[in-house]
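Residue numbers (this note's numbering): -13 to 287.
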Amino acid sequence: MKAFFATKRLGAAAVLAAAALALSACGGGGGTAAPGADSGAAPSYEVAKDVALTGSPTFDKIKSSGTVRIGVKQDQPGLGFKDAATGEYTGFDIEIAKWVAASLGVPADKIEFKPIPSASRESAITNGDIDYYVGTYSITDKRKQLIDFAGPYFITGQGLLVKKDNSTIKSEKDLAGKNVCSATGSTPIQNIKSNFPDTKTTEFDTYSKCVEALKGGQVDAVTTDQAILIGYAAQEPDTLKVVGEPFTTEKYGVGLPKGDTALRTFINKMFTNGGDTWKKIYDGTLGKSGTKVDQPKVDQY
């Protein structure tokens, strides 16, 4: 694998600002294409030759089968999105997943993307249903009891999405007595339950169902990472809006089987030495506004 420039640490505020500009600049109505999805924009990844990776049972399985199964999201515009008409997956997370696969010596036509709901991510990894997971997956101590993470490769924070005509919710301080929706098993819904006891909660297996409930008046707000919410607002700017400032810090990582230290080290070094590729991925997806940012520094190998 080619050597690239190492990069500086990324601030959460810079990422959110860049994501906001990138996704909102794409505009758009209620079509099926994801904002920023451009099949010609993303870089192609050279398949690694004779990967020197020993001691990784996950890599051994991938090498033996010749294919890789990657857990992803399919309803997050600009990050992980599946086009209903073509079946094509696009977005920042999808390109990160492809980059990892190429670094492991797997060509694009040997990748199997498997949409996994938030609540099922740990079980999908521990049961061996997927080889790794890339999909707005926040690194937390609780999750690290069951799986390992490589990264982080992106930083964002929890935000709020409301209807355009809503004037009562301006930030998380206005959630008392309101009904807030998020994905079952996600970090944001756990945060609401733990720290906003006067707030009602509704849960679905996907964020897109929460957005539909919001538009239908069944809930007052949707909460998840602000970068995701901006994508939904960009699709329907006359109907939805993002309010307030991020009130958490979320670090996205690649979910791996517990104990596969060799693979985690390999991917972390790939991120550390692959700043040029990371930049191309960002500029081709979330960074299409032209805003320039640096990637975050990964945790220890």
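Here a beta-carbon is modelled for each residue, glycine too, at the ideal position from N, C-alpha and C. Since this is a predicted model, take the numbers as computed values, not measurements.
Does DSSP classify residue i as helix, strand or coil?
i	result
Gln62	strand
Asp246	coil
Asp191	coil
Ala207	strand
Asn165	strand
Ser136	The sequence shown places Ala at residue 136, rather than the Ser named in the question. Ala136: strand per DSSP, three-state reduction.
Phe182	coil
Val197	helix
Ser10	With a pLDDT of 32 at Ser10, under the threshold of 50, the predicted position of this residue should be treated as unreliable, and no value is reported.
Gln144	strand
Among the candidates the options, whose CA atom is the shortest distance from the CA of residue i?
i	options	result
Thr187	Thr53, Thr170, Ser51, Val228	Thr170
Val197	Ala213, Ala219, Phe182	Ala219
Ser168	Thr154, Pro183, Thr192, Asp160	Thr192
Pro63	Gly230, Lys266, Glu222, Arg250	Glu222
Trp264	Ile155, Phe182, Ser194, Lys84	Lys84
Lys67	Asp36, Ile214, Met256	For the record, residue 67 in the displayed sequence is Phe; it is not Lys. Of the listed residues, the one whose Cα sits closest to Phe67 is Ile214.
Pro101	Asp206, Ala71, Ile116, Ala88	Ile116
Asp269	Ile56, Asp206, Ala71, Glu81	Glu81
Gly41	Ala248, Gly260, Gly57	Ala248
Pro232	Ala70, Thr209, Ala110, Asn254	Thr209
Hey, residue i and residue j: beta-carbon distance below 7 angstroms or not?
i	j	result
Asp262	Thr44	no
Ile175	Glu158	no
Thr234	Gln144	yes
Thr258	Val284	yes
Ala162	Asp127	no
Thr142	Glu236	yes
Ala105	Val166	no
Within a Cβ cutoff of 7 angstroms, which residues of the same chain sit near residue i, ignoring the five residues on either side of it in sequence?
i	result
Tyr123	Arg107, Tyr238, Gly239, Gly241
Arg129	Glu108
Ile125	Phe135, Gly137, Pro138, Lys237, Gly239
Below 8 angstroms CB to CB, which residues in the same chain sit around residue i once its five sequence neighbours on both sides are set aside?
i	result
Ser51	none
Ile267	Ala28, Pro29, Phe78, Glu81, Ile82, Trp85
| Which parts of the segment 63 to 94 are runs of the alpha helix (DSSP H), unbroken and 4 residues or longer, counting only runs that do not cross its ends? | Segments of the alpha helix (DSSP H) lying fully in the segment 63 to 94: 78 to 89.
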